[in-house]
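For the record, the sequence lines run as chains A and B. Residue numbers for the first sequence follow my numbering, beginning at 10 and rising by one. Residue numbers for the second sequence follow my numbering, beginning at 12 and rising by one. Here's the structure, in structure tokens; my notes come after.
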Amino acid sequence: MKHLPLMLTLGLAITLQASAFANPLRPDKQDKIAVEVVKAVTEIMTPDNMKSTGTQTITTSSGRKRTFEFDSYSGNKGERTLTRYTKPAAIRGQAFLTLNNADDIWTYFPRTKRVRKLASHAKKQKVQGSDFTYEDMGGGDVFMTKFTPKYLGDQEKNGELCWTIELIGIEAEDPPYPKIVMWARKSDYAPVHVDYYDENNFNTKSLSLTDIQNIEGIPTAMKMEMVDHQERSRTIMETLDVTYEWEPPDNFFSERSLKK
Amino acid sequence: MREKLFRKLADLAVNKTKMMLWIILGVTLVTGALTSRMSLTPKWSDMLPEGHRMTVEFDRILKEFQSASSIIVVVQGEEADIKAFADDLAPKVLKPLTVPGKDNEPMVYVRRADYKTELAFMKEHGFMLIKEDDLKNMKDIFQDPGLSGLLTNMNNSFEKEYIQPDESISSREEEDGALVYLNGINSWLEEMERTLITERVNEKSTHAAVDKLLLGEPYFLSYDRQALIMNLAPTFSMMDAFLMVDGTDAVQAILDEVLEDHPNVQAGLSGAIPLGRDEMVYSTKGLEISMLLSMIAIGSLLYIAFRIASAPVMALLNLILGIIWAAGIVAIVVPVLNIMTAMFMIILIGLGIDFSIHIISTFSEMRHKGLALQEAVRTGLEKSGGGVSTGALTTAVAFLALMTGDSRAMSELGLVTAIGLLVIMITTFVLLPTLLVVRERRREKQMIKKGLPVQEPTRDLTLTWLGNAGTFFQRRPWFTLTGVAIVTIFMYFSAQRITFNHNMMDMEAEGLPSIMLQDTVQDKFDLSMDFAYLVAESVDQSRELKNKAKKLPSVASVDDISTYLPSEAQQERRIPYINEIRDLMTSAKIRPLKNRDLTSIRSEIERLEMNIMELQSLAFLGGQDKVSRRCDEIVGSMEELPTNTIFLRLYELLDTKADKAIDILNDFQAGYAEYFRTSVIKMTNTEPITLETLPESILERYANKDRTLFLSTVLPSGNIWQDQHFMDQFADEVGSVSDRSTGMPVIMKALFDIIGRDGRQAALLTIIFVYVILLIDFRSFTYALMAMFPLAVGAVWMIGLMQLFGFQLDLVNVMALPLILGIGIDDGVHVVHRWRLEGPRSAQIVLSSTGKAVLLTSLTTMLAFGSMMFSPWRGYASLSYALIFGVGACFLTTVIILPAFMGLVGKQKPAAVE
């Protein structure tokens, strides 16, 4: 799944006023741009299949940094994912399988050789001490189905000229966040920054996507940093190797693969 | 007019010497008696503006809630040793105690010693304090207290953890909950092991294991169980400064006594009261050391400079009497000094001695020139009195400018120092000439007796090399000023890089146990002792504040009465689940174990081990260090094969004692199961918990005497001293919950803000006031500006030098900035005064004569402030360094820049100078 699907859930609220952006376009034109950008971002973030190796650095409850290395796979536009930890030795072989856009989550413990199912509500919880939730990591077209996009104008972000899109959660669709503000490069629609907001319009988390490289025609952020402003913690995910030209074998996203 | 007054004073000193001495003695006795009114407060909140809401609220909390003035005993060692120590200390500390080194009657200083949870209350009402979700989750455990059933139900509950809401261990609170559960299981398994080894049941320890399983650890232990906290509720509050010192010393004495019987235990005192006591004792000690050292150093310097044995005696006597007069008057105006205002005596030593130096210097010069006594006294006062009075006035005005600030730290320091300076100036004009006359007459008598000439031998007392240096700069004004400009630009950029140290712990004395133990508490208990307080007027309001505060990003946890007193609605909602648990437990049958049960018991123990291993993996991945480490201790490290875990030992015992294992386990079951059942049934008491039914020990912790106010303690989620932004965030966020928030982080944030603002305002006003005074004194815009110019450059050099030498600004030494404006101006004033008297291009005479006095006064001021370097309280030491840099820089800029001006003005406008 790599990190792309988490882009899908970029839902956020924002304190920024639309008027703060230079946006002389007519409302219908603005909506058209917003829909177009969100569609393009979704396409970038949900490739058909993907296989990658990456690292994840978290801050533990006693303030230490801990880095994990993992192999990650996603299929069916991120609807299915499998992540297997390879380092450190203490958790080598521990794996997580998500199906149905993280509605179903299983985990495998190599030490006890047991597979356990996590509850569907767990997708709203943080993934292994990181500042990403299972839902952030899930795939699909959440942006398009659970949010109403609004084009706020053009703005420079991380040194790139970007579309600024506000996504307002559609209550009936149970969006992961009430609001998201996303900045996507005008040159290739690659998202470079995402702010997540809670129901009080408080910017709870921010995601920065940097070192964007063109991998097999898809702009790919090789480094992502999620900052949780409430917990005052940050998680850095770095991609060491990635390919989109990988075809999952039959029944790859299954309990059997989980145990391998 | 000023000259007339000086002549009158000189005449009085010469002609009415005895009368003057009697008057001086009388004033000294009266003011000396007044100084007994003076006292010291160690509270940082007392530096905030008078009537500031945080000070008022903090004082109210100290007055209303005795729990806010706590003495914390931090005990370290092995679990069993520290528990035994606490059990031993608790009753002894409640008895009347004596203060070491004092003959006072023994007195009760501690009302209550809290080091265990409210076990009795929890046993009665335990389930009413548990949330509905948790009750729902845990009810399955209470279906069967039998060994096999309990193990199975524990495992089911463990596995359910993953699928139930609100059961993740992602937050600190939930991590703590997981630890309590793990510790309980571990104790119960260890009890099972002990029974298997000894083949007999120990009722007391079995019941304790059940209590731990149901209610958690009773002692206030750290996460690693190597430290224990005992909270002593004193019979006095922080407001009673003297009791604070005596009480802490008395408790420390009994602690030391008990420690002798527990050689494997270390213990010390921390918390608000011991910290306040240390601050008071060490800052007072620091001031005493500084005063003594500065007197000795200044006396020695004066002796070297004047080569007259009586010069330092006269100067110091004048100073001491001046300080007594000043302290007496200050005691009326500001009877309670805070940590900052307590410094005024050191400042007075540093600045007050200067007045004597100038007068003695000129008087000696005149005597060595052959002037008669009365003429020498007159000329001494006339030549130096102007500079002294203007200097004293400008410095006093600079200090008075501090009064425009809101903070008491600055405004009171400004007031008391200004009063002190003016009083010492008066003693210098009244007492010093009298002392000089007495000394001269005695010397004359001795000379006549010895048949030696009365007249002082003509001697040049000037400092020629300084005069030469002045001439050098005077001859090369542009070269000198260009050099000064280059250095100043460099210093300016250096000053720009100086940083601010917000860590107030760096102000405290190094190695203080009360401070070091704060770090121990932070490390071992993950608990900051720098918390904020919120006060509510009802339990409901307290609950509401708690719920709001808990959601704040910078808040780790909130401790308030609602933990023990859920709302009526919450209690109502819990009752059905509690009843269900009671029904389950009442109807549960404790079935004797049979041989065939051994296999299932063994497999359930294995399942329990696997569940803990899986929890361990998730905790490791989730960065939950405390849970992960505890799991390591219970099931072994994830990276190595376990060799000696409770599970491996149980398997071995079950294997080696296979033939009688079931009998022993039956005994174990008989030993705990019934107690487990009755304990659970007792805990299912659904009698509503009300304020009236809460035990006194809980009420005292959270409520005031009238039970009309309720205290919440808000703990920050990080170290407030290591990250200034975090301290600001914490203070702001807590402030957003209630405008009556207070406590150390909130107060310090306010103090930083207010002192920063006051400092800027005071500095600006000082510059304006000083300029106006100089304008009146010199009646010339140019001379007033010229006298101030070295000060402006000196101030830049001061900060630049501090940065270059690796110093930071802090809450205490930042006061040096406005102070130096008042202190540093004197150098320029004296040199310009003398320059105007001596005429154009007079650098040689001005610097060799007045320059010598300026050098001496700068050195004495530096010695006085430098003596604070040896103060154990590091706040004073930091101020000392800043002022040494400041005074040194102002001296250098004065003796370099002003001769260059003399060169320029002398060349261009000789008439103006005349």
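By construction, the Cβ of each residue, glycine as well, lies at the ideal position given by its N, Cα and C atoms. As the structure is a prediction and not an experimental result, all values here were calculated from the model.
Is B/Leu632 helix, strand or coil when you go by DSSP? Here B/Leu632 sits in helix by DSSP.
Buried or exposed for B/Pro156, please, with buried defined as at least 16 other CB atoms from any protein chain shown within 10 angstroms of its CB. By the neighbour-count rule (16 or more Cβ atoms within 10 Å), B/Pro156 is buried.
Between which two residues does the beta strand (DSSP E) carrying A/Met191 extend? If you look at A/Met191, you'll find it in the beta strand (DSSP E) that goes Lys188 to Arg194.
Are the Cβ atoms of B/Met139 and B/Thr697 separated by less than 8 Å? Their beta carbons are under 8 Å apart, which means B/Met139 touches B/Thr697 by this criterion.
Let me see if you follow: with CB-CB separation under 8 Å, is A/Phe118 close to chain B or not? Yes, contact with chain B.
Could you pull the DSSP bridge partners for A/His202 from this structure? Answer is A/Trp192 and A/Ser217, bridged to A/His202.
Quick check on B/Asp114: buried or exposed, where buried means 16 or more other Cβ atoms within 10 Å of its Cβ? When all chains shown are included, B/Asp114 counts as exposed.
Indicate whether B/Met249 and B/Ser525 have their beta-carbon atoms separated by less than 8 Å. The criterion of a C-beta distance shorter than 8 Å is not satisfied by B/Met249 and B/Ser525.
If you measure beta-carbon to beta-carbon, which residues of the stretch 69-98 of chain A are closer than 9 Å to chain B? For the stretch 69-98 of chain A, the set of positions with a beta-carbon nearer than 9 Å to some beta-carbon of chain B reads Thr69, Ser70, Ser71, Gly72, Arg73, Arg75, Phe77, Tyr94, Pro97 and Ala98 in chain order.
Using a Cβ-Cβ cut-off of less than 7 Å, give me the residues of the stretch 613-633 of chain B that come near chain A, in sequence order. For chain A, the residues of the stretch 613-633 of chain B that bring a beta carbon within less than 7 Å of one of its beta carbons are Met621, Met624, Glu625, Ser628, Phe631, Leu632 and Gly633, in chain order.
Could you list the residues in the stretch 636-656 of chain B with a C-beta less than 7 Å from some C-beta on chain A, going in chain order? Asp636, Lys637, Met649 and Glu650: these are the residues of the stretch 636-656 of chain B whose beta carbon lies less than 7 Å from some beta carbon of chain A, given in chain order.
Option in B/Ala101, B/Leu595 and B/Ser578 with minimal Cα separation from B/Ser549: Of the listed residues, the one whose Cα sits closest to B/Ser549 is B/Ser578.
By how many angstroms is the C-alpha of A/Gln239 removed from the C-alpha of B/Ser747? Rounded to whole angstroms, B/Ser747 to A/Gln239 spans 15 Å at the Cα level.
Considering just the uninterrupted stretch of the alpha helix (DSSP H) at B/Trp489, what are its terminal residues? First-last of the alpha helix (DSSP H) with B/Trp489: Pro488 to Gln507.
Can you tell me whether A/Met146 is buried or exposed, with buried defined as 16 or more other CB within 10 angstroms of its CB? A caution first: A/Met146 carries a pLDDT of 49, below 50, which makes its placement in the model too unreliable to give a value.
Confirm, please, whether the CB-CB distance from B/Pro829 to B/Leu270 is below 8 Å. For the pair B/Leu270 and B/Pro829, the CB atoms are not nearer than the 8 Å cut-off.
From the DSSP output, read off the bridge partner residues of B/Gly754. B/Gly754 has B/Ala543 as its beta-bridge partners, per DSSP.
Alpha carbon to alpha carbon, what distance is there between B/Val842 and B/Asp821? Near 32 Å, if we compare the C-alpha coordinates of B/Val842 and B/Asp821.
Specify, as a first and last residue, the run of the alpha helix (DSSP H) that B/Gly279 falls within. Segment Gln277 to Ser281 is the beta strand (DSSP E) holding B/Gly279; no alpha helix (DSSP H) there.
Do B/Leu207 and B/Lys668 count as a contact pair if the criterion is CB distance below 8 Å? Yes, they are a contact pair.
Under the assumption that A/Ala104 contacts A/Leu91 (Cβ atoms under 8 Å), give the Cβ distance between them as a whole number of angstroms. 7 Å between Cβ atoms; contact.
Check the DSSP bridge columns for A/Lys74 and list the partner residues they point to. Per DSSP, the beta-bridge partners of A/Lys74 are A/Thr68.
Once DSSP output is grouped into helix, strand and coil, what is the label at A/Tyr117? Strand, per DSSP.
Starting from the C-beta of B/Asn514, find all residues in its chain whose C-beta is less than 6 Å away, skip the five residues before and the five after it, and write them out in chain order. These residues qualify, in order along the chain: Trp732.
Go ahead and pull the three-state DSSP assignment for B/Met249. Correct three-state label for B/Met249: coil.
What number of angstroms, rounded off, separates the C-alpha of A/Gly162 from the C-alpha of B/Thr428? If I take the Cα positions, the gap works out to 60 Å.
Out of B/Met165, B/Ala387, B/Phe253 and B/Leu23, which has the shortest C-alpha to C-alpha gap to B/Ser50? Looking at B/Met165, B/Ala387, B/Phe253 and B/Leu23, the one whose alpha-carbon comes closest to that of B/Ser50 is B/Phe253.
Is B/Asp144 buried or exposed, if buried means 16 or more other CB atoms sit within 10 Å of its CB? Under this definition B/Asp144 is an exposed residue.
If the criterion is Cβ atoms closer than 8 Å, does the pair B/Met518 and B/Val823 meet it? Closer than 8 Å, so yes.
Cβ-based neighbour list, B/Leu384, same chain, cut-off 7 Å, excluding 5 preceding and 5 following: If we look at B/Leu384 and ignore the five residues flanking it on each side, its Cβ neighbours are Val25, Val448 and Glu451.
Report the three-state DSSP secondary structure of B/Leu720 (helix, strand or coil). Here B/Leu720 sits in coil by DSSP.
Whole-angstrom distance between B/Ser505 and B/Glu5, CA atom to CA atom: Past the edges of chain B, shown from 12 to 925, lies residue 5 of chain B, and the structure says nothing about it.
Contacts that A/Arg243 makes with chain B (C-beta to C-beta distance below 9 Å): Result: empty, since nearest Cβ-Cβ is about 12 Å, beyond 9 Å.
Taking only beta-carbon atoms, is B/Tyr173 less than 8 Å away from chain A? With a pLDDT of only 46 at B/Tyr173, under 50, the local geometry of the prediction cannot be trusted, and no value is derived from it.
Could you give the first and the last residue of the continuous beta strand (DSSP E) run that contains B/Leu442? It is not in any beta strand (DSSP E) - B/Leu442 instead sits in the alpha helix (DSSP H) that spans Arg419 to Lys461.
Alpha carbon to alpha carbon, what distance is there between B/Arg607 and B/Ile673? Computed Cα separation, rounded: 9 Å.
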